[in-house]
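Chains as they are written, first to last, in my numbering: chain A, 1 to 181; chain B, 1 to 181. Where is the CB? At the ideal position from N, CA and C, for every residue including glycine. I have placed the structure first, in the form of structure tokens, so that the comments after it can refer back to it.
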Amino acid sequence: MEKSDEKLDRVINLLRNTKPLLGSTVDIEREVINEISKKHQNRLVISDIIDFLFGWAYIGWVRRSLITASVLLVVFFVWQQGIIIKQINYLSSQPVIVESEARSYLTDFSGNKMMLFKLFGNKLPAQNVTISKKQMDTLLESVNDLQTKYKDLIDLIEEDPELKKYIENKLTELNRTKIKL
Amino acid sequence: MTDLKLIEECRSGNLENFRKLIETTSPFAFSVAFRMLGEEDQAKDVVQETMITVWQKLKKINSAKAYKTWIYRIVINKCYDQLRKRKINPEFSVNENTWKLISDKISVEPSTEMENSETSMIIRILTNRLSPKQKAVFVLSDLEQLSQDEISEITGISKSGIKANLHYARKSISVMVEKYL
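Written as structure tokens, this is what we have:
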């Protein structure tokens, strides 16, 4: 054991006492000065920014990892912003129905309610309502149904002259001359 | 080693004075890099990259002692990058001639000079199984003869970590020496 320690010490002494010789530094000086001059001439804004942001990281792989992570974060942010803008544009292009018109129609039938609102200073809020396709379909179906029934009713009245005359007289009595049979 | 006055002159952007700084710094930077990497050409590349980094970051230095520690740190980190680039060679075979060379050298006067190529062979064979950190601690402690405080400041490893890495490095080299010498 002692012998192997002795051998180890002698090997380490051998390496310690043998300084690696560089020789002339002229080649290194020339290369370094050339590189510095080249960097000075070809200063790229991006390289300066990278040096400014990551110059504190001497270890190559740490610096490269930080640069890669930063680039990925920026790309992800831009992509997200693109998606958000696309969604906003889509929603902006959707049709909007203003409910205030329907509300004012209803107040014709509930005139007292309107009077109360005016007395107490309350205002009817204007609301925008978006209706779905299903609601639109239901509405159209109702209108079609109503038109069909109205047509059937008119046909019935036309077939019976006495009935027609009776209804006309009644309408005249009630002063509903706008409706013509 | 290097006086503060020269560093101050280089900070002003004087390339001529920077040549002098390269002349004084390169030999010891080469010694560390060569002992870490075991290859002359790679060691010279590390020295060049180190001096370019020194030029770019010289404003951070405010004392000659800080300059030396800073140079060691840059050299060691660049050596880490080089060592990581090297492919791991699982079929590394022991060179009989190298062991004969070592045996011859340690059996004669300890102050025997060696060629860079001989030193390179010895370093590569002895430190082949060491990790970059173990190599750094071994080189800085046993070959460059720095204190634990200085090694801790250069590598960022704690004192207990330095002791552990050094112990393992010596043990690994000792096993090789015992087996082949």
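Quick test of your reading: I61(B) and I22(B), contact by CB under 8 Å. State the CB separation rounded to the nearest angstrom.
I61(B) to I22(B), Cβ: 15 Å. No contact.
Consult DSSP for Q94(A) and reduce its assignment to one of helix, strand or coil.
Of the three classes helix, strand and coil, the one that applies to Q94(A) here is coil, per DSSP.
Going by CA-CA distance only, name the one from F77(A), I50(A), W79(A), V78(A) that's closest to S65(A).
Comparing Cα-Cα distances from S65(A) to each of F77(A), I50(A), W79(A), V78(A), the minimum goes to I50(A).
Between which two residues does the alpha helix (DSSP H) harbouring V47(B) extend?
Unbroken alpha helix (DSSP H) run through V47(B): 40-57.
Along chain A, in chain order, which residues have C-beta atoms closer than 9 Å to that of L15(B)?
The answer, in chain order, is I33, I36, S37.
What residue range is occupied by the uninterrupted alpha helix (DSSP H) comprising Q185(B)?
Past the boundaries of the shown model lies residue 185(B); chain B is included only from 1 to 181, so the question cannot be answered.
If the cut-off is 9 Å on Cβ atoms, which residues from the stretch 55-67 of chain B count as contacting chain A, listed in chain order?
Flagged, chain order: W55, Q56, K57.
Please confirm if I12(A) has its CB atom under 8 Å from at least one CB of chain B.
Yes, because at least one Cβ of chain B sits closer than 8 Å to the Cβ of I12(A).
Mind checking whether I102(B) and I74(B) have CB atoms under 8 Å apart?
Their beta carbons are not under 8 Å apart, which means I102(B) does not touch I74(B) by this criterion.
What's the C-alpha gap between V137(B) and D9(A)?
One C-alpha to the other measures close to 16 Å.
Look up W99(B) in the DSSP assignment and say whether it is helix, strand or coil.
W99(B) falls in the helix class under three-state DSSP.
Starting from Q145(B) and walking both ways along the alpha helix (DSSP H), at which residues does that stretch end?
Here Q145(B) belongs to no alpha helix (DSSP H), and DSSP marks it neither H nor E.
Assuming C79(B) and A29(B) make a contact with CB atoms under 8 Å, what is their CB distance in whole Å?
Their Cβ separation, rounded to whole angstroms, is 10 Å, which puts C79(B) and A29(B) out of contact at 8 Å.
Kindly list the residues whose CB is nearer than 6 Å to the CB of R129(B), restricted to its own chain and excluding five residues on each side of it in sequence; keep chain order.
For R129(B), where only same-chain residues beyond five positions count, the Cβ hits under 6 Å are S172.
Could you tell me whether the Cβ of L66(A) comes closer than 8 Å to any Cβ of chain B?
With 8 Å as the cut-off, L66(A) does not count as an interface residue toward chain B.
If you measure between the beta carbons of V47(B) and I59(A), is that distance less than 8 Å?
No. Outside cutoff.
Does the beta carbon of E150(B) sit closer than 8 Å to a beta carbon anywhere in chain A?
By this cut-off, E150(B) is not an interface position.
By Cβ distance below 8 Å, which residues in the same chain neighbour P20(A) in space, the five residues on each side in sequence not counted?
There are no such residues.
Give the DSSP-derived three-state secondary structure of W79(A) in the structure shown.
Residue state, collapsed to three classes: helix.
Tell me whether V71(A) is buried or exposed, calling it buried when 16 or more other Cβ atoms sit within 10 Å of its Cβ.
That one is exposed.
Scan the stretch 2-39 of chain B and note each continuous beta strand (DSSP E) run of 3 residues or more that stays entirely inside, going in chain order.
Correct list: empty.
Return the CA-CA distance between E40(B) and N116(B), expressed in angstroms with no decimal places.
The alpha-carbon atoms of E40(B) and N116(B) are separated by roughly 7 Å.
Less than 8 Å between the C-beta atoms of K184(B) and L14(A), yes or no?
Past the edges of chain B, shown from 1 to 181, lies residue 184(B), and the structure says nothing about it.
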